[in-house]
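One structure below.
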Amino acid sequence: AQSVTQPDIHITVSEGASLELRCNYSYGATPYLFWYVQSPGQGLQLLLKYFSGDTLVQGIKGFEAEFKRSQSSFNLRKPSVHWSDAAEYFCAASSNSGYALNFGKGTSLLVTP
Amino acid sequence: NAGVTQTPKFRVLKTGQSMTLLCAQDMNHEYMYWYRQDPGMGLRLIHYSVGEGTTAKGEVPDGYNVSRLKKQNFLLGLESAAPSQTSVYFCASGRTGVNGYTFGSGTRLTVV
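The listed protein sequences derive, respectively, from chains A and B. Anchor point for the first sequence: position 59 equals 56 in our numbering, and the numbering is continuous, going up by one each time. Positions in the second sequence are counted from 1; adding 40 to them yields our numbering.
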């Protein structure tokens, strides 16, 4: 079955430190891949997406993600985290013939001073 | 440009009551979705629509019905609410089924 896995439920980083959130997918063919962020009490906002081509994708708010086919991964990174980055992060995927996104269960990011 | 608007934002229902959640989008998107979000479960697809007049079941459709009579609106109905339907409901829309979505801000529903 097609699935998206985010191995880390919670992550805590210090402000200014680097961040990497993990995402693995299980699809027959390379899916379309997405990262969303959800601030408390808000809806989800698209950070970035990967369809094909360059495996390093740049997004909004200084985030980037790297697609690694050999590891079936699409990890989200940020060089220096700000307190405002504290939120829930969701990885999502869809096959190229799909009708909807399949979401991971999310990773909650806490940023400490 | 309002994007995706969900009403109401909060609601408390008694078991057995019915209600309708409204989602409206002003981006002329063909695809619309209803997800529910529960702690530790991520977002699960309830129903979706690929165009006006069409609807289809998602991952967790039981206990819900939907209608898409107008392209800009997607309604989610609960005919007889149950405590298991306590959740945060998100509507989303997209130009295609595989591009990024625009999400509404959610409806927090509590069934007592």
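We put the CB at the ideal spot given by N, CA and C, even for glycine. These numbers come from a predicted model, not from an experiment.
Item                                                                                                                                                                                              : Value
Could you pull out every residue in the same chain whose Cβ sits closer than 6 angstroms to the Cβ of residue 69 of chain A, ignoring the five residues on either side in sequence?               : 21, 22
Name, please, each residue of chain A whose Cβ falls closer than 8 angstroms to the Cβ of residue 81 of chain B.                                                                                  : 102
Within the same chain, show all residues whose beta-carbon is closer than 7 angstroms to that of residue 83 of chain A, passing over the 5 residues directly before and after it, in chain order. : 106, 107, 108
Relative to the C-alpha of residue 110 of chain B, which candidate in B:70, B:146, B:134, B:104 has its C-alpha closest?                                                                          : B:70
In this structure, does DSSP put residue 57 of chain A in helix, strand or coil?                                                                                                                  : helix
Suppose contacts are defined by Cβ-Cβ distances below 8 angstroms. Is residue 150 of chain B in contact with residue 126 of chain B by that definition?                                           : yes
Taking DSSP as the reference, what is the three-state secondary structure of residue 39 of chain A?                                                                                               : coil
Would you call the CB atoms of residue 135 of chain B and residue 100 of chain B closer than 8 angstroms?                                                                                         : no
At 7 angstroms on the CB atoms, spell out the chain A contacts of residue 73 of chain B, in chain order.                                                                                          : 97
Please identify, using Cβ separations under 9 angstroms, the residues of the segment 94 to 113 of chain B that lie next to chain A, in order along the chain.                                     : 96, 98, 99
Short of 6 angstroms in beta carbon distance, which residues of its chain neighbour residue 133 of chain B, apart from the five on each side in sequence? Order them along the chain.             : 44, 65, 69, 72, 142
I want to verify the contact list: residues of chain A whose CB lies under 8 angstroms from the CB of residue 116 of chain B, in sequence order.                                                  : Per Cβ cutoff of 8 angstroms: no residues; residue 116 of chain B is ~15 angstroms from chain A at best.
Could you pull the DSSP bridge partners for residue 9 of chain A from this structure?                                                                                                             : A:107
Can you pull the DSSP bridge partners for residue 16 of chain A?                                                                                                                                  : A:75
At a CB-CB cut-off below 7 angstroms, which residues of chain B make contact with residue 40 of chain A?                                                                                          : 130, 143, 144, 145, 146
Give the single residue among A:74, A:10, A:37, A:81 whose Cα lies nearest to the Cα of residue 56 of chain A.                                                                                    : A:74
Measure the C-alpha to C-alpha separation of residue 54 of chain A and residue 18 of chain A and round it to an integer number of angstroms.                                                      : 14 angstroms
Give me the Cβ distance between residue 54 of chain B and residue 148 of chain B, rounded to the nearest whole Å; I'm assuming they're in contact under 8 angstroms.                              : Rounded, the Cβ-Cβ distance is 16 angstroms, inconsistent with contact.
Along the chain, which unbroken stretches of the beta strand (DSSP E) at least 3 residues long are found entirely within the segment 67 to 131 of chain B?                                        : 71 to 78, 82 to 89, 105 to 107, 113 to 118
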